[in-house]
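Enquirer: These protein sequences, in sequence, are chains A and B.
For the first sequence, my numbering assigns the number 1 to the initial residue and increments by one for each residue that follows.
For the second sequence, my numbering assigns the number 1001 to the initial residue and increments by one for each residue that follows.
A virtual CB, placed ideally from N, CA and C, is assigned to each residue, including glycine.
Have a look at this one before I ask anything.
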Amino acid sequence: MTNRLSPFLIATMILGFAFLYAPIASVVIYSFNASRLVAVWAGFSFQWYGALFENEAIGRATLISFEVAVIAATGALILGTLVAHALARYRRFAGRTLFAAMATAPLVMPEIITGLSLLLLFVALEQATGWPLGRGILTIAIAHITLGIAFVAVIVEARLSAFDRSLEEAALDLGARPMVVFFVITLPLIAPALAAGWLLAFTLSFDDLVIASFTAGPASTTLPMVIFSSVRLGVSPQINALATLFLIAVTAIVLAANRLLRVR
Amino acid sequence: MNVRRFGVVALPYAWLLLFFLVPFLIVLKISLAHQAFTIPPYTPLFADGGLRITGENYLFLLSDPLYWKAYLGAIRYAAIATIVTLLAGYPLAYGIARTPARWRALLLMLVILPFWTSFLIRVYAWIGLLKENGIVNHALLSLGLIDAPLQLINNDFSVILGLVYAYLPFMVLPLYAQLEKLDPVLNEAAADLGARPIRAFRQVTLPLSLPGVAAGVLLVFIPAVGEFVIPDLLGGPNTLMIGKILWDEFFTNHDWPTAAALTVAMLLLLALPMGFMRRLLRGDA
């Protein structure tokens, strides 16, 4: 489009970005506040970070969240790539409409519905077959894989549809077997999308409160669950410090993913 | 269908059937059961050699005005938030699409970044800003603009604000994707034919951007209807939204059959917009 920007548009953009970033900035700034009161600035201090590192509940929950997110992202990557491949390459197969609907619905499905329905499934399954035995990291991970599949599939399908298929066809014509074509031609071409998809699935899992609350067991409290229960009790400077660390980690991940997706 | 193809499709298909479709059937089943003081807390579907289902959970939802208010409340909050998000997001997306190309990637990333950032923490940030002795009230008081702290949180205002804030990126991205595709030549042609900028926008840009508007509206409205975290943290005792009621029914009252019936009710509400969403996604491919 043209590069004419009216003053109105410039003003909206400044306001829009200020709106998006002001709350985040306030959390970061007040995480260094020496005072316990949120709105009163009493000098610069690292004390809340110190308190945070001594908080065992948060340390334990971080490890659990990390474990769940790695399993969930890896599972979602494998299944989501298969979904993307099926949708991008196979125009017709039995039940394709249902398949496509199930693969994309979690993108917008309210988390509370996904969470409750999966919990009821786990309970019914356990009653009927004895598996899964109780709830914990495994059940949260299964729930997050199901959510992540949709996001990985969208990213990978876009990449699969964008590149020149004649590369794959040429390799097939030259006698390469389909598996070889996939690993030698297709995989390197979609690798950036795979990395971005994994990172997105990881972040979604690491950040999820609602689905995890339904599918977690007593010994598998995740980091968002700890944050939520402490937020419900009121704003605490320790949570500000935790949020700041969280933001730094996520920003680093997004910058990495962005680089990956832009490399052509 | 050859074997390899079958392998590629069958594994994710089986996963999605088991962990996405079957759970809804179980929700439907439990919504037709009685609450019971057993583990799990509902009566079995088959007992004493017969099918035992009941519509009492649905009758209960219909008879208690709380659920009606929560149902309509969720639609009202989500609709208002969607409109505000559209009004704020459209000029933002339009501005980004008109920014010189070398800045566009940066601005776009600035829109995406909050979406990746913890949802919970972004909602939490507003508590610190809006509460009675929070940052906004503190600033207004020390500037002398107000004499007493304003009630900014635990009301309709803070819920709408939270929804708009959380879902703004979902509106901006599809709008941007649509607006970026438009050829500026179209606007130049309209100008050459004597249309003033406002008219060119109304008759050329706006109609051509409608698919983006539709996608943005659905991406905001559907998850906003089922929102739990925002009404719970930013809302007050009068904030009735179906997602929050469902949560309380399940975690506080341990009434699984009523929670299941509420889920079915929410799915019925969302079936239509989700159907539109499917059609929109298919149209793009």
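Hey, how far is the Cα of N3 of chain A from the Cα of P1197 of chain B?
Expert: Stepping through the first sequence from its first residue, residue 3 of chain A is reached at position 3. Stepping through the second sequence from its first residue, residue 1197 of chain B is reached at position 197. Note that N3 of chain A has pLDDT 49, beneath the 50 cutoff, so the model's placement of it is unreliable and the number below is only indicative. Approximately 14 Å, taken between the alpha carbons.
Enquirer: Pull the bridge partners of Y30 of chain A from the DSSP assignment, please.
Expert: Stepping through the first sequence from its first residue, residue 30 of chain A is reached at position 30. Answer is none; Y30 of chain A lacks a bridge partner.
Enquirer: Using a Cβ cut-off of 9 Å, which residues of the region 182 to 196 of chain A contact any Cβ in chain B, in chain order?
Expert: So the list is empty, because no residue satisfies the distance condition.
Enquirer: State the beta-bridge partners of Q1035 of chain B as determined by DSSP.
Expert: Looking up residue 1035 of chain B in the second sequence gives position 35. B:Y1042, per the DSSP bridge assignment.
Enquirer: Taking three-plus beta-carbon pairs below 8 Å as touching, is the region 1090 to 1100 of chain B in contact with the region 7 to 21 of chain A?
Expert: Counting Cβ pairs under 8 Å, three or more are found: they touch.
Enquirer: Spell out whether any CB of chain B is found under 7 Å from the CB atom of T139 of chain A.
Expert: Along the first sequence, read from residue 1 onward, the residue named residue 139 of chain A stands at position 139. False, the Cβ-Cβ gap to chain B never drops below 7 Å.
Enquirer: I'd like to know if M1109 of chain B contacts chain A, where contact means its C-beta is closer than 7 Å to some C-beta of that chain.
Expert: Your numbering for residue 1109 of chain B matches position 109 in the second sequence. Answer yes: the Cβ-Cβ gap between M1109 of chain B and chain A drops below 7 Å somewhere.
Enquirer: I'd like the list of long-range same chain contacts for D1232 of chain B, defined as Cβ closer than 6 Å, with 5 residues on each side in sequence excluded.
Expert: Indexing the second sequence from 1 puts residue 1232 of chain B at position 232. Hits under 6 Å: K1244.
Enquirer: So, using beta-carbon positions, are L1113 of chain B and V254 of chain A closer together than 7 Å?
Expert: On the second sequence, position 113 is the one that residue 1113 of chain B refers to. On the first sequence, position 254 is the one that residue 254 of chain A refers to. Contact flag set, yes.
Enquirer: Give the single residue among A:S230, A:T203, A:V226, A:L260 whose Cα lies nearest to the Cα of I248 of chain A.
Expert: Translated into the one-based positions of the first sequence, residue 248 of chain A becomes position 248. Per the Cα distances, A:T203.
Enquirer: Tell me the rounded alpha-carbon separation between P237 of chain A and L1130 of chain B.
Expert: Along the first sequence, read from residue 1 onward, the residue named residue 237 of chain A stands at position 237. Along the second sequence, read from residue 1 onward, the residue named residue 1130 of chain B stands at position 130. C-alpha separation (whole angstroms): 16 Å.
Enquirer: Spatial neighbours of A1285 of chain B within its chain, please: CB distance less than 7 Å, with the 5 preceding and 5 following residues excluded, ordered by chain position.
Expert: Numbered from 1 along the second sequence, position 285 holds the residue referred to as residue 1285 of chain B. With a pLDDT of only 40 at A1285 of chain B, under the threshold of 50, the placement of this residue in the model should not be trusted; the figure read from the coordinates follows. Closer than 7 Å at Cβ, skipping near neighbours: no residue.
Enquirer: For the alpha helix (DSSP H) that contains D1248 of chain B, what are its first and last residues?
Expert: Counting from one through the second sequence, the residue named residue 1248 of chain B turns up at place 248. Looking at the DSSP string, the run of the alpha helix (DSSP H) that includes D1248 of chain B is 1242 to 1251.
Enquirer: Where do the ends of the alpha helix (DSSP H) carrying R1098 of chain B lie?
Expert: Here residue 1098 of chain B refers to the residue found at position 98 when the second sequence is read from its first residue. Taken as a continuous stretch (DSSP letters only), the alpha helix (DSSP H) holding R1098 of chain B covers 1065 to 1098.
Enquirer: Measuring only the C-alpha atoms, how far is S45 of chain A from I29 of chain A?
Expert: Reading the first sequence from its first residue, position 45 is the one you call residue 45 of chain A. Reading the first sequence from its first residue, position 29 is the one you call residue 29 of chain A. Approximately 11 Å between the Cα atoms of the pair.
Enquirer: Using a Cβ-Cβ cutoff of less than 7 Å, which residues in the same chain neighbour M1001 of chain B once the five nearest sequence positions on both sides are dropped?
Expert: What you label residue 1001 of chain B is simply residue 1 of the second sequence in a count that begins at 1. At M1001 of chain B the pLDDT is 49, less than 50, meaning the model places this residue with poor confidence and gives no usable figure here.
Enquirer: Counting only C-beta atoms, is L120 of chain A closer than 7 Å to chain B at any point?
Expert: One-based indexing of the first sequence puts residue 120 of chain A at position 120. Yes - at least one Cβ of chain B is within 7 Å of the one on L120 of chain A.
Enquirer: Going along chain D, which residues have a C-beta under 8 Å from L167 of chain A?
Expert: Within the model displayed, chain D is absent; protein chains A and B are what it includes.
Enquirer: Does the beta-carbon of V180 of chain A have 16 or more other beta-carbons within 10 angstroms, so that it is buried, or is it exposed?
Expert: For the purposes of this step, residue 180 of chain A is taken as the residue at position 180 of the first sequence. That one is exposed.
Enquirer: From the DSSP secondary-structure annotation, give me the bridge partner or partners of F44 of chain A.
Expert: Translated into positions along the first sequence, residue 44 of chain A becomes position 44. Per DSSP, A:N33.
Enquirer: On a Cα-Cα basis, can you pick out the residue from B:L1107, B:E1188, B:L1140 that is closest to A18 of chain A?
Expert: Numbered from its first residue, the first sequence carries residue 18 of chain A at position 18. Nearest option by C-alpha distance: B:L1107.
Enquirer: 7 Å is my cut-off, CB to CB: does H144 of chain A come that close to chain B?
Expert: For this step, residue 144 of chain A is matched to residue 144 along the first sequence. False, the Cβ-Cβ gap to chain B never drops below 7 Å.
Enquirer: Can the beta-carbon of N1133 of chain B be found less than 7 Å from the beta-carbon of G1236 of chain B?
Expert: Position 133 of the second sequence, counting from 1, holds the residue named residue 1133 of chain B. Position 236 of the second sequence, counting from 1, holds the residue named residue 1236 of chain B. No; because the gap between Cβ atoms is not below 7 Å, this pair is not in contact.
Enquirer: For a contact defined as C-beta to C-beta under 8 Å, what are the partners of V1022 of chain B on chain A?
Expert: Within the second sequence, the letter at position 22 stands for residue 1022 of chain B. Simply L121.
Enquirer: Which residue wins for smallest C-alpha separation from I113 of chain A, given the options B:L1281, B:R1279, B:W1256, B:L1280?
Expert: Taking the first sequence and counting its residues from 1, the one referred to as residue 113 of chain A is at position 113. The shortest C-alpha separation from I113 of chain A is found at B:W1256.
Enquirer: Check I1146 of chain B in the structure and name its three-state DSSP category.
Expert: Counting from 1 along the second sequence, the entry for residue 1146 of chain B is found at position 146. If DSSP states are grouped into helix, strand and coil, I1146 of chain B belongs with coil.
Enquirer: Near N1057 of chain B, what residues of its chain come up, given a Cβ to Cβ distance below 6 Å and the 5 sequence neighbours on each side ignored?
Expert: Counted from its first residue, the second sequence places residue 1057 of chain B at position 57. These residues qualify, in order along the chain: S1031, P1257, T1258, A1261.
Enquirer: Does F228 of chain A pass the burial test, meaning 16 or more other C-beta atoms within 10 Å, or should it be called exposed?
Expert: In the first sequence, residue 228 of chain A corresponds to position 228, counting from 1. F228 of chain A comes out buried.
Enquirer: Nearest by alpha-carbon distance to I145 of chain A: which of A:T251, A:A72, A:F32, A:A257 is it?
Expert: As a working note, residue 145 of chain A is residue 145 in the first sequence. Closest by alpha carbon: A:A72.
Enquirer: Do L1120 of chain B and P224 of chain A have their C-beta atoms within less than 7 Å of each other?
Expert: Here residue 1120 of chain B is taken as the residue at index 120 of the second sequence, counted from 1. Here residue 224 of chain A is taken as the residue at index 224 of the first sequence, counted from 1. Yes.
Enquirer: Between the alpha carbons of L233 of chain A and A57 of chain A, how many angstroms are there, rounded?
Expert: Your numbering for residue 233 of chain A matches position 233 in the first sequence. Your numbering for residue 57 of chain A matches position 57 in the first sequence. Cα to Cα, the separation comes out at about 16 Å.
Enquirer: For a contact defined as C-beta to C-beta under 7 Å, what are the partners of I1030 of chain B on chain A?
Expert: The residue you call residue 1030 of chain B lines up with position 30 of the second sequence. Those within 7 Å of I1030 of chain B in chain A are L120.
Enquirer: Pick out whichever of A:P110, A:V250, A:D207 has its Cα sitting closest to the Cα of W1247 of chain B.
Expert: Working through the second sequence from its first residue, we reach residue 1247 of chain B at position 247. The shortest C-alpha separation from W1247 of chain B is found at A:P110.
Enquirer: I'd like the ranges of any alpha helix (DSSP H) spanning at least 4 consecutive residues and lying wholly in the region 1152 to 1239 of chain B.
Expert: As far as the region 1152 to 1239 of chain B is concerned, its whole alpha helix (DSSP H) runs of at least 4 residues are 1156 to 1181, 1184 to 1192, 1197 to 1200, 1210 to 1225, 1229 to 1234.
Enquirer: Just mark I1146 of chain B as buried or exposed, buried being the case when its beta carbon has 16 or more other beta carbons within 10 Å.
Expert: Here residue 1146 of chain B corresponds to residue number 146 of the second sequence, with the count starting at 1. Classification for I1146 of chain B: exposed.
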